[in-house]
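Right, one structure below, let's go through it.
Structure representation (structure tokens):
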């Protein structure tokens, strides 16, 4: 026991004694790890917010199915859905995209009473009259839009809008560049009279799966006038799966890219961890000559690596937190959120989970161990005189 | 008298089988008796250091046998050789080989770490050794702040910390001044009085007066053995 304690204290002493090497190694490990931790945290944050939105949303979403893709649905279905047993609320929605100057924005046409609870007005009021809109805080901030400002949009420049309110939202990434307007205004703007991009159905608890099945079976193929395309029915679990799969895919792609970068970083770290290796090699030769055994040398070096990993991993996590808090995840967030540019105009969501943090710790251990244990073993197993040369 | 070290037809060949092959030691047969001060002499490149490396087990012979206390150690495992160096052999290197930035007492105590000796005891024992070496004012100084002679004495203290039977010194006077040489000789004689076997490689004639056995090497071969009376 005393021997292991001695080796541990010697490892600590070596780290302090070789300050420059230790600091360079810790900095390199932080540089390699913090983008990974930041990315996984952003991915988890977005996934969490997405799931909140999904949970707040409707139980069933119905659209037309046009060649396997979502297509606008006729408003004639509204009455039929309302009459179904177990349905508590049905409303249509128009969701479209257009440019506000050079910023791609999402337009949602919806009845004011159907606006999600997560959206809170920060300034002004809700839209009441035709042409009135409520805009997201991000958009308002970027273009310095204030209550009362009038504007038009590129898809239909003849239609004029007036900012009635500015909203904040707990689900920040969805609301930053959002323009909310009445269903009628959106319908006119996108020239989609008599249609919605989707119909949202809320049901009594436990009814959703049966209703989704019924709609799909009864109206999925045949529809009232046989002129419309078939329907596409998506229930909450399906939407949840889409979101999760989408973000898992993005996180997977990022991890794959990161693995490539990581593989490239290993040789770099080998060089860094071999920084001062000539001196180290000689030291190992000397201590072996004075009676140390290979396993004792290995234990000491492994303990050094463990301490460096224990120092680097929390620092990398801390650095990732700072990067997300102060720099809003710059360079990393854009990988997960489309068209946000270098600096997101909203607070990038993030969640630090135990598993990625633990993985970061494992990464540091693997990196430092690869970097030094093999070379130490090679040095320690040759005759000491060769190591001292 | 008991033989403590014996070599039998020991060869050391570097780059064997390659055009640049060097035969550093060739068919060396020698015997070192216990409690003797042995000098290995010869011109530069004669194989003195190689012979010391081989008998101190920090290098292996290419062929032949090295016997310590009658045991053939040339085929010993890495672990067994480490144990021998820990318990039986104390090494004093030509360039001292002290660990940089470590204070003198920690350099001396370094061999005690894997033995589980705790700091307080390590410090006590290394300070005792350093006081014997007249280095009480240099206990907390790193090698960079010491003269060559002082570094050599730290190196001697480190070699003796585990109380080995055999002390091996390679060219001990080549990097120190005249005053330090005299101190070193006093230490050697003291060690001999304590029953240690001392093997020194040097071409410095000062050792001729103190040595009881002198091996003369030339081109890796042992060409002469001279035995003298104890001084």
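Chains as they are written, first to last, in this note's numbering: chain A, 28 to 416; chain B, 39 to 269.
Think of the CB as a built atom: it goes at the ideal place given N, C-alpha and C, for glycine as much as any other residue.
Excluding the 5 residues preceding and the 5 following residue 335 of chain A in the sequence, name in chain order all residues of the same chain whose CB lies nearer than 8 Å to its CB.
Once the five neighbours on either side are set aside, the close Cβ partners of residue 335 of chain A are 42, 49, 52, 53, 56, 391, 395.
Please list the residues of the region 90 to 118 of chain B that have a C-beta atom closer than 7 Å to any C-beta atom in chain A, keeping them in chain order.
Within the region 90 to 118 of chain B, the qualifying residues are 91, 96, 97, 98, 116, 117.
To the nearest whole angstrom, what separates the beta carbons of residue 344 of chain A and residue 387 of chain A, a pair I think is in contact under 8 Å?
Confirmed, about 6 Å.
Indicate the three-state DSSP secondary structure (helix, strand or coil) for residue 269 of chain A in the structure shown.
In the three-state reduction of the DSSP assignment, residue 269 of chain A falls in the helix class.
Residue 176 of chain B - DSSP class collapsed to helix/strand/coil
Three-state DSSP puts residue 176 of chain B in a helix.
Where does residue 135 of chain A sit, in a helix, a strand or coil, going by DSSP?
Residue 135 of chain A: strand per DSSP, three-state reduction.
Interface residues of the region 312 to 324 of chain A facing chain B [CB-CB below 7 Å]:
Residues passing the 7 Å Cβ filter: 313, 314, 315, 316, 317, 318, 319, 320, 321, 323.
Roughly how many whole angstroms lie between the Cα atoms of residue 99 of chain B and residue 253 of chain B?
Rounded to the nearest whole angstrom, the C-alpha separation of residue 99 of chain B and residue 253 of chain B is 18 Å.
Is there a Cβ from chain B that is less than 7 Å from the Cβ of residue 44 of chain A?
Taking 7 Å as the CB threshold, residue 44 of chain A lines the interface with chain B.
Nearest candidate by alpha-carbon position, reference residue 197 of chain B, set B:180, B:212, B:171, B:176
Among B:180, B:212, B:171, B:176, the Cα nearest to that of residue 197 of chain B belongs to B:171.
Range of the contiguous alpha helix (DSSP H) that encloses residue 351 of chain A:
Membership of residue 351 of chain A in the alpha helix (DSSP H) is indicated by the continuous run 321 to 353.
For the region 392 to 411 of chain A, enumerate the residues whose C-beta is nearer than 9 Å to any C-beta of chain E, in chain order.
The displayed structure is made up of protein chains A and B, and chain E is not among them.
Residue 189 of chain B classed as buried or exposed, judged by whether at least 16 other C-beta atoms fall within 10 angstroms
Note on residue 189 of chain B: 16 or more other CB atoms within 10 angstroms of its CB, so buried under the neighbour-count rule.
Helix, strand or coil, according to DSSP, for residue 237 of chain A in the structure here?
DSSP, read as helix, strand or coil, puts residue 237 of chain A in helix.
Show which residues of chain B have a CB atom less than 8 Å away from the CB atom of residue 305 of chain A.
The premise fails here: residue 305 of chain A is roughly 12 Å from chain B at the closest Cβ pair, so nothing lies under 8 Å.
Nearest-angstrom Cβ-Cβ length linking residue 311 of chain A and residue 403 of chain A, presumed shorter than 8 Å:
Contact check for residue 311 of chain A and residue 403 of chain A: beta-carbon distance about 7 Å, within the 8 Å limit, so the pair qualifies.
Close-in-space but distant-in-sequence residues of the same chain around residue 158 of chain A (CB under 7 Å, 5 per side omitted)
Excluding residues within five positions, the ones whose Cβ falls inside 7 Å are 187, 188, 189, 212.
Which two residues bound the contiguous alpha helix (DSSP H) that contains residue 64 of chain A?
For residue 64 of chain A, the uninterrupted alpha helix (DSSP H) run begins and ends at 46 to 83, by DSSP.
Please list, in chain order, all residues of the same chain as residue 257 of chain B whose beta carbon is under 7 Å from its beta carbon, the five residues on each side excluded.
Excluding residues within five positions, the ones whose Cβ falls inside 7 Å are 84.
Delimiting residues of the alpha helix (DSSP H) encompassing residue 230 of chain A
Segment 225 to 230 is the beta strand (DSSP E) holding residue 230 of chain A; no alpha helix (DSSP H) there.
Starting from residue 117 of chain A, trace the beta strand (DSSP E) both ways and give me its first and last residue.
Note, residue 117 of chain A: beta strand (DSSP E), 114 to 127.
Which residues in the same chain as residue 105 of chain A place their Cβ atom closer than 7 Å to its Cβ, once the five residues preceding and following it in sequence are excluded?
The answer, listed in chain order, is 117, 119, 226.
Would you check if the distance between the CB atom of residue 133 of chain A and the CB atom of residue 205 of chain A is smaller than 7 Å?
Cβ atoms of residue 133 of chain A and residue 205 of chain A: closer than 7 Å.
Any beta carbon from chain B within less than 7 Å of residue 82 of chain A's own beta carbon?
With its beta carbon at least 7 Å from every one in chain B, residue 82 of chain A lies outside the interface.
Got a sec: is the Cβ-Cβ distance from residue 135 of chain B to anything in chain A below 7 Å?
Closer than 7 Å to some Cβ of chain A, the Cβ of residue 135 of chain B qualifies, so yes.
Could you work out which residue in A:150, A:333, A:257 is closest to residue 244 of chain A when comparing CA atoms only?
When C-alpha distances from residue 244 of chain A are compared across A:150, A:333, A:257, the shortest belongs to A:257.
Does any residue of chain A have a CB that is nearer than 7 Å to the CB of residue 156 of chain B?
Residue contact check for residue 156 of chain B against chain A: a CB pair falls below 7 Å.
For residue 130 of chain A, which of A:110, A:269, A:169, A:355 has the nearest alpha-carbon?
Ranked by how close their Cα comes to the Cα of residue 130 of chain A, the residues A:110, A:269, A:169, A:355 have A:169 in first place.
Backbone secondary structure at residue 105 of chain B - three-state DSSP:
Reduced to three states, the DSSP call for residue 105 of chain B is strand.
Can you list, in chain order, the residues of its chain with a C-beta nearer than 7 Å to that of residue 235 of chain A? Leave out the 5 residues immediately preceding and following it.
Sequence-distant partners of residue 235 of chain A (beyond 5 residues in either direction) whose C-beta falls short of 7 Å from its own C-beta, in its chain, are 86, 87, 262, 263.
Does chain B have any CB closer than 7 Å to the CB of residue 310 of chain A?
The C-beta of residue 310 of chain A comes closer than 7 Å to at least one C-beta of chain B.
DSSP has residue 208 of chain A in a bridge; who is on the other side?
Beta-bridge pairing links residue 208 of chain A to A:136, A:160.
Would you call the CB atoms of residue 318 of chain A and residue 124 of chain B closer than 7 Å?
In contact: residue 318 of chain A and residue 124 of chain B (Cβ atoms closer than 7 Å).
Are the CB atoms of residue 130 of chain B and residue 210 of chain B nearer to each other than 7 Å?
Going by C-beta atoms, residue 130 of chain B is nearer than 7 Å to residue 210 of chain B.
Residues of the region 30 to 44 of chain A in Cβ contact with chain B at a cutoff of 9 Å, in chain order, please.
Residues passing the 9 Å Cβ filter: 30, 31, 32, 33, 34, 36, 37, 40, 44.
For residue 104 of chain A, which residues does DSSP report across the bridge?
Per DSSP, none; premise fails for residue 104 of chain A.
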